[in-house]
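Residues in the sequence shown are numbered from 5 upward in steps of one, following this note's numbering.
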Amino acid sequence: MRLLSTALAAACLLACASDVGSDAEERPPNFLVLLVDDLGWTDLGCYGSDFYLTPNIDQLAADGVRFTHGYAACTVCSPTRAAMMTGLYPGRTNVTDWIPGHRRPRAPLRPPDWTMRLEHRHTTLAEALGAAGYRTAHVGKWHLMPTLEPDVMADYAPQHHGFEINIAGNQWGAPGSYFHPYVRNDREVYPLPEGGSEGDYLTDRLTDEALAILDGFGDEPFLLYFPYYTVHTPIEAKPEDLARFEDRVDASKRHRNPAYASMLAALDRSVGRLRAKLEELGIADDTVIVLTGDNGGLDRKGPDGRMGNPTENDPLTACGKSRLKSPGLFNVR
Ligand SMILES: [Ca+2]
5 MRLLSTALAA ACLLACASDV GSDAEERPPN FLVLLVDDLG WTDLGCYGSD
55 FYLTPNIDQL AADGVRFTHG YAACTVCSPT RAAMMTGLYP GRTNVTDWIP
105 GHRRPRAPLR PPDWTMRLEH RHTTLAEALG AAGYRTAHVG KWHLMPTLEP
155 DVMADYAPQH HGFEINIAGN QWGAPGSYFH PYVRNDREVY PLPEGGSEGD
205 YLTDRLTDEA LAILDGFGDE PFLLYFPYYT VHTPIEAKPE DLARFEDRVD
255 ASKRHRNPAY ASMLAALDRS VGRLRAKLEE LGIADDTVIV LTGDNGGLDR
305 KGPDGRMGNP TENDPLTACG KSRLKSPGLF NVR
């Protein structure tokens, strides 16, 4: 498994994109890029969780490389996603806060003049690989569209940034619900092919879509960018997973949120299914898999210093933890 600086990861892939096709006899590698939303640095078994169970991701780590000193490009969603797509740090894309951003009139530092969308002047990973003959697909959370400019918002969707297929990529940073039909208040998961029924779980559904895309790509080289909505709020678990973890909660441990553990279990099953599909298609050895997080775990402590909701990042700081945080700045603790 490869956990590394998001900007560095994108830069590496863009470098690969410039090389592919130079040797007609050599098959260019596929890229499966898995971005987990709000994944904490100790939230995987292979990174030391004492509660969450992630056997498939642990196996990926055992089969690959762990990057133990990598850092996300920013403390919130959109800047890191722009970095993933361009290989540029947030200061270069000017996407320095989540879209549409914080409003903190009493913050001690004035926010920079930042861009609430991924501008088209940047070359994205999908555009670079598409130009090199790759099939390209986006499945999951995009969060790089200008929500405050509804007339042009759709012009910044994944399909206008180089992806030939877009499933579920839109302006929202979180689903309305993880359960079918995935809607709450004004938030919905779109575009999404019709189908599904009550009880269906979003992580499973998006994985189904990703597997179908892999089937459709056949022998062609591909970039499948799968930025999961999970494990971002709302913290919603499948009942069967929740029952499995509720009995294991131990207040003395670092991690002890059974619903969050259940969301990680669903994520882990997704990774297992994707790897199984690559094996089934005979392309596992031709596919580079990158798994990383976008900004660390959501970690809000209560007044007693104990974990509030939903995970724990100590001894590192986390998004939402410091009152001094300002757009474009890393947390000050
Ligand atoms: Ca995030």
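Glycine is no exception: its CB is placed at the ideal position from the N, C-alpha and C atoms.
Keep in mind the model is a prediction, meaning the values are calculated, not measured.
(message) Any heavy atom of ligand 1 inside 6 Å of the beta-carbon of Cys81?
(response) The answer is yes for Cys81.
(message) For Gly286, report the span of its alpha helix (DSSP H) as first-last.
(response) Per DSSP, Gly286 lies in no alpha helix (DSSP H) segment and is marked neither H nor E.
(message) I need the straight-line Cα distance from Ala28 to Arg139, nearest angstrom please.
(response) The pLDDT assigned to Ala28 is 49, lower than 50, so where the model puts this residue is not dependable, and the model offers no usable value.
(message) Just to confirm my understanding: we take Gly276, look at its own chain, exclude 5 residues before and 5 after, and list those with CB closer than 6 Å. What are they?
(response) Asn60
(request) Would you list the one or two residues that DSSP bridges to Arg188? (result) Arg191
(message) Helix, strand or coil, according to DSSP, for Phe71 in the structure here?
(response) coil
(request) Find out if the Cβ-Cβ distance for the pair Gly144, Tyr232 is shorter than 7 Å. (result) yes
(request) Pull up the distance between the alpha-carbon of Ala21 and that of Ile169, whole angstroms please. (result) Low confidence applies here, because Ala21 scores a pLDDT of 47, under 50, leaving its location unreliable and the question unanswered by this model.
(message) I want to check one thing, is the minimum distance from the CB of Asp42 to the heavy atoms of ligand 1 below 6 Å?
(response) yes
(request) Below 8 Å CB to CB, which residues in the same chain sit around Ala269 once its five sequence neighbours on both sides are set aside? (result) Tyr56, Leu57, Thr58, Asp245, Arg248 and Phe249
(request) With DSSP as the reference, label Asp54 as helix, strand or coil. (result) coil
(request) Answer yes or no: do Val253 and Pro243 have a C-beta to C-beta separation smaller than 7 Å? (result) no
(message) Considering only DSSP beta bridges, list what Phe226 is partnered with.
(response) Arg139
(message) Considering Cα atoms alone, identify which of Leu227, Asn174 and Tyr93 is closest to Ala4.
(response) With the chain represented from 5 up to 337, any question about residue 4 goes unanswered, as that position is not in the structure.
(request) Closer than 7 Å by C-beta to Pro331: which residues in its own chain qualify, once you throw out the five before and the five after it? Chain order, please. (result) Here the model assigns Pro331 a pLDDT of 32, short of 50, so the residue's position is not dependable and the matter cannot be decided.
(message) Let me check one thing: in DSSP terms, what residues is Thr296 bridge-paired to?
(response) Leu39
(request) Would you tell me roughly how many angstroms separate the C-alpha atoms of Gly52 and Ala86, rounded to the nearest one? (result) 29 Å
(request) Tell me whether the beta-carbon of Ala141 lies closer than 7 Å to the beta-carbon of Ile217. (result) yes
(request) Would you check whether ligand 1 has a heavy atom nearer than 6 Å to the C-beta of Asp303? (result) In this structure, Asp303 has its CB at a distance of at least 6 Å from all heavy atoms of ligand 1.
(request) Could you round the C-beta distance between Val235 and Leu43 to whole angstroms and report it? I think they count as a contact, below 8 Å. (result) Indeed they touch by this definition, with Cβ atoms about 6 Å apart.
(request) Report yes if the C-beta distance between Gly166 and Trp146 is below 7 Å; otherwise report no. (result) With respect to the 7 Å criterion, Gly166 and Trp146 are not classified as neighbours on the basis of their beta carbons.
(request) Verify whether the separation of the beta carbon atoms of Arg258 and Asp47 is less than 7 Å. (result) No, Cβ-Cβ distance for Arg258 and Asp47 is not below 7 Å.
(request) Below 8 Å on the Cβ atoms is my guess for Arg121 versus Leu92; work out the distance and round it to an integer in Å. (result) In fact, because the Cβ distance is near 14 Å, the residues do not count as touching under 8 Å.
(message) Is the beta carbon of His184 closer than 7 Å to that of Gly200?
(response) yes
(message) Taking the alpha carbon of Val294 as the reference point, which residue from Gly74, Gly220, Leu210 and Asp318 has its own alpha carbon closest?
(response) Out of Gly74, Gly220, Leu210 and Asp318, Gly74 has the C-alpha closest to the C-alpha of Val294.
(message) By alpha-carbon positions, which one of Leu196, Pro150 and Pro179 ends up nearest to Asn189?
(response) Pro179
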